[in-house]
Amino acid sequence: MLEKPSKLRIALISGAVIGAVSSVPGISLINCCCCAGVWLGGVLALYLYKQQLTEEMPPLESSDALMLGLMAGVIGAFTATIINVLILVTFGPVEAELVKSIVEKVLDRMAEQGSMTPDMIDMLRGQIDQSIKDAGRASNIFGGLFIALIVYPIFTILGALLGFAIFRPKMPQTTATP
Amino acid sequence: MTFATRVYLVLLLLCTVWCGGILLAPLLAASAPEVSSVLYRCYEPICHQLDARSFHIGGEKYAVCARCSSIYLGFFVALAVYPLLFRPGPGSIPQRTWIAVAVVPMLLDVFLSLFGFHQSTLFTRAVSGGVFGLVIPFFVLPVLIEAITQLRSQFLSRGGSFHARKAQ
Numbered sequence: 053m054l055e056k057p058s059k060l061r062i063a064l065i066s067g068a069v070i071g072a073v074s075s076v077p078g079i080s081l082i083n084c085c086c087c088a089g090v091w092l093g094g095v096l097a098l099y100l101y102k103q104q105l106t107e108e109m110p111p112l113e114s115s116d117a118l119m120l121g122l123m124a125g126v127i128g129a130f131t132a133t134i135i136n137v138l139i140l141v142t143f144g145p146v147e148a149e150l151v152k153s154i155v156e157k158v159l160d161r162m163a164e165q166g167s168m169t170p171d172m173i174d175m176l177r178g179q180i181d182q183s184i185k186d187a188g189r190a191s192n193i194f195g196g197l198f199i200a201l202i203v204y205p206i207f208t209i210l211g212a213l214l215g216f217a218i219f220r221p222k223m224p225q226t227t228a229t230p
Numbered sequence: 146m147t148f149a150t151r152v153y154l155v156l157l158l159l160c161t162v163w164c165g166g167i168l169l170a171p172l173l174a175a176s177a178p179e180v181s182s183v184l185y186r187c188y189e190p191i192c193h194q195l196d197a198r199s200f201h202i203g204g205e206k207y208a209v210c211a212r213c214s215s216i217y218l219g220f221f222v223a224l225a226v227y228p229l230l231f232r233p234g235p236g237s238i239p240q241r242t243w244i245a246v247a248v249v250p251m252l253l254d255v256f257l258s259l260f261g262f263h264q265s266t267l268f269t270r271a272v273s274g275g276v277f278g279l280v281i282p283f284f285v286l287p288v289l290i291e292a293i294t295q296l297r298s299q300f301l302s303r304g305g306s307f308h309a310r311k312a313q
C-alpha cells in the first residue's frame, strides 16, 4: 500500500489562501463573520488533501484532519501577518481606512436616527483614527501575530474537522440526530 | 473516566473560557477597564465588534457581535447538553443535511440583507447564528475525539517501539 501524501504541501497552499483572504483589504472582511475565511481554509485543506488520496493509499482519517487544520492555521497566521506588513509598508493602512469608511457611514446613519449620542460618536471616531495611527507599530504587528497564532489554528481545526464530517466516506452507523 | 470523556471535558472547559471572555469583557468594563480592553482586543481579529450589531450588558457591548455571540453560546450549550443525548466518543456523526439546515438560515440572513431583500435585525442574526452554533458540535465533537484518540495511539505505539529499540 502506498504512503499518504505529505500534509505540508497542502497546509502551505491552504495557509497561503487563509493568509491572503485574511489580509487583502476588502476580502478580509469575511473574517468579521466568526473567522469564516479561516474556517473555510480548514475545510479547503481537508478537501485538497482528500483529492490527493488514491485507492492504493490508506483512507482519510480524522487525525489527518486535525493535523492539517493545525498546520494550515499556523501557516495562515504567519502568512496573514507577512502580507499585512507588506501591504502596510507599500500602501499604508488601507484596510483600516476601508473599515473607517464603512463605520463612518454606520455612525452617520446612527446620528441621523439619534440612536447614539454625539459624544459617543466622536469617541468612536477618535478610536478609529487612533487605530489607523497605531497600525504600523511593531507591538501591534507582533500582538496581532500572537493572537492569530492562537485563534487561526482553533478555527482551521474546527473547519478541517467539519470538512472531515462532510467529505468522509458514508458509513453505515452514521445515524445520530442533533 | 474514559479518554473520550476527558477530551470532552477539556473542550467544554476551553469553550467555557472562550464564552466567558465574551461576557467578562463588558462586565469588567467599569471595574477593571484594562482587563476588559485586553479582552476586547483578543476578540478583535474575529469580529467587527460594531456596537449597533451587538448585545449589551449594563450598557457595554459583548466582546463579539450578536451573530458571533449566538454562534459561540449555541456551540457551548450544545456541547454542554451533548452527554445527555449521546455518549461522548468517536463514531456517531449526524447526516450531512443537518449542516445545510445549520448554514442556510445564516446565509439567507446575510445575503438577503446584503442585497436589500430583507432587513437583518439583532433577532434574525441571533437566531440564525444560534442554530448554526447548536448544530456544529454534533459534527465536530465525535470527529475531534476520534482524531485525538488516533493521534494518542500513534504516539503510544511510536513510544513503545522507541523504548523497545532502546532496550535492545
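Chains as they are written, first to last, in my numbering: chain A, 53 to 230; chain B, 146 to 313.
Backbone N, C-alpha and C define an ideal beta-carbon position, used for all residues, glycine too.
Because the structure is a prediction, the values reported are computed rather than measured.
Contacts around residue i, its chain only, beta-carbon distance under 8 Å, and the 5 residues preceding and following it disregarded
| i | result |
| --- | --- |
| Leu286(B) | Tyr153, Leu156, Leu224, Tyr227 and Pro233 |
| Ser80(A) | Val73, Ser74, Gly89 and Glu147 |
| Phe262(B) | none |
| Asn190(A) | Contrary to the premise, residue 190(A) reads as Ala rather than Asn in this sequence. Here the set comprises nothing. |
Cβ of residue i within 7 Å of any chain A Cβ
| i | result |
| --- | --- |
| Val222(B) | no |
| Ala292(B) | yes |
| Val288(B) | yes |
| Phe148(B) | no |
| Arg241(B) | yes |
| Leu296(B) | yes |
Contact list for residue i against chain B, beta-carbon separation under 8 Å
| i | result |
| --- | --- |
| Val73(A) | Simply none; closest approach about 13 Å. |
| Gly196(A) | Pro190 |
Residue i versus residue j: straight-line alpha-carbon distance, rounded
| i | j | result |
| --- | --- | --- |
| Gly67(A) | Gly211(A) | 13 Å |
| Phe148(B) | Val255(B) | 40 Å |
| Tyr207(B) | Ala170(B) | 7 Å |
| Pro239(B) | Val288(B) | 11 Å |
| Gly232(A) | Arg310(B) | For residue 232(A) there is no data in the structure shown, the boundaries of chain A being 53 and 230. |
| Thr226(A) | Pro170(A) | Confidence in Thr226(A) is poor, its pLDDT being 48 and thus under 50, which makes the residue's placement unreliable; the coordinate value appears in the next sentence. Each residue's Cα considered, the two are about 56 Å apart. |
| Leu112(A) | Arg241(B) | 17 Å |
| Phe216(A) | Phe143(A) | 39 Å |
| Leu158(B) | Gly166(B) | 12 Å |
| Ser215(B) | Ala271(B) | 5 Å |
| Ile206(A) | Pro282(B) | 14 Å |
| Thr106(A) | Leu296(B) | 22 Å |
| Leu176(A) | Ile290(B) | 44 Å |
| Gly274(B) | Cys192(B) | 13 Å |
| Arg61(A) | Tyr188(B) | 30 Å |
| Ile127(A) | Val69(A) | 10 Å |
| Ser265(B) | Leu54(A) | 51 Å |
| Thr161(B) | Lys59(A) | 31 Å |
| Trp298(B) | Ile244(B) | The sequence as given places Ser at residue 298(B); Trp does not occur at that position. Straight-line Cα distance between these residues: approximately 30 Å. |
| Gly304(B) | Pro145(A) | 49 Å |
| Ile65(A) | Ser302(B) | 31 Å |
| Leu150(A) | Glu156(A) | 10 Å |
Short CB-CB distance (under 7 Å) between residue i and chain B
| i | result |
| --- | --- |
| Ile199(A) | yes |
| Leu140(A) | no |
| Val146(A) | no |
| Val203(A) | yes |
Under 9 Å by beta carbon: chain B residues contacting residue i
| i | result |
| --- | --- |
| Met162(A) | Asp196 and Ala197 |
Own chain partners of residue i with C-beta closer than 7 Å, once the 5 adjacent residues on each side are dropped
| i | result |
| --- | --- |
| Cys164(B) | Tyr217, Leu218 and Phe221 |
| Glu205(B) | Pro171 and Ala174 |
| Ile82(A) | Val73, Ala88 and Gly89 |
| Phe219(A) | Leu98, Tyr99 and Lys102 |
| Phe231(B) | Ser237 |
Residue i: contacting residues in chain A (beta-carbon distance under 7 Å)
| i | result |
| --- | --- |
| Cys187(B) | Ile199 |
| Phe200(B) | Here the premise fails: no neighbours, minimum Cβ distance about 15 Å. |
Cross-chain neighbours of residue i in chain B, by beta carbon under 7 Å
| i | result |
| --- | --- |
| Phe216(A) | Val288 |
| Val158(A) | Leu195 and Ala197 |
Chain-ordered neighbours of residue i on chain A, where CB pairs are closer than 8 Å
| i | result |
| --- | --- |
| Ile281(B) | Leu210 and Leu214 |
| Arg285(B) | For clarity, residue 285(B) is Val in the given sequence; the question names Arg instead. Within chain A, the residues near Val285(B) are Leu210, Leu213, Leu214 and Ala217. |
Same chain, Cβ closer than 6 Å to residue i, five either side skipped, listed in chain order
| i | result |
| --- | --- |
| Phe277(B) | Ile216, Ala247 and Met251 |
| Leu197(A) | Thr133 |
Original post:
Got a sec: which bits of the region 244-273 of chain B sit with their beta carbon under 9 Å from any beta carbon on chain A, in order along the chain?
Top reply: Ile244, Val246, Ala247, Met251 and Val255
Subject >> Residues from the region 113-125 of chain A in contact with chain B, defined by Cβ distance under 7 Å >> reply: Glu113, Ser114, Ser115, Ala117 and Leu118
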